[in-house]
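Reviewing the structure listed below.
In my numbering, the protein residues as written are 531 to 691.
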């Protein structure tokens, strides 16, 4: 004799089944974020980083005039740009403290926050590490710890304070 199904236990069974199916994706997502950050620093590091120091031009009337603002633009792949959007504040700080990635992380943060980058017109990696790294590191520690960062796909920064 068949027993009719208990309708009260059906939502619980559905929840358990759904949780069991989705749990591996949560671990995959977490692992992808960790692996993505490691992959980024293999692709972009102090030895391989390529960047430009530019002054965006503004058009006034029929002519052009240079903007007094100088920014950093890092040359990176679309895949690296997507990884950069997901890097946590802790991972940024780790990269800034690592002598193999500190310069690259600093340049990427200058780009992401549109920080004035005139110093990089003539500053080399060695000069930055010797004279300016501690100042930038203190700035980024404060900035990254006091700001909730949300990166948008269009690479514009939204800051919620």
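Idealized CB from N, CA, C, for every residue including glycine. Just so you know, these numbers come straight off a predicted model, no measurement behind them.
Minimum Cα-Cα distance from residue 674 among the listed residues 611, 604, 621 and 607 corresponds to 621. When 573, 616, 663 and 625 are compared, the shortest CA-CA separation from residue 606 is found for 573. The DSSP assignment places complete beta strand (DSSP E) segments of no fewer than 3 residues inside the region 571-621 at 581-584, 587-590, 593-596 and 601-604, in order along the chain.
Secondary structure note for residue 645: it is in no alpha helix (DSSP H), with a DSSP letter that is neither H nor E. As the crow flies, the alpha-carbon of residue 635 is around 6 Å from that of residue 625. Residue 644 counts as exposed, since fewer than 16 other C-beta atoms from the protein chains shown sit within 10 angstroms of its C-beta. The three-state reading of DSSP puts residue 676 in helix, counting H, G and I together. Minimum Cα-Cα distance from residue 577 among the listed residues 671, 630, 669 and 659 corresponds to 630. Shortest Cα-Cα distance from residue 600 to any of 616, 581 and 618 involves 581.
Using a Cβ distance threshold of 8 Å, residue 650 and residue 583 count as a contacting pair. Residue 617 and residue 623 have their C-alpha atoms spaced approximately 10 Å apart. Counting of Cβ neighbours within 10 angstroms places residue 640 among the buried residues, the total reaching 16 or more. Approximately 7 Å separates the beta-carbon atoms of residue 633 and residue 579; this is inside 8 Å, confirming the contact.
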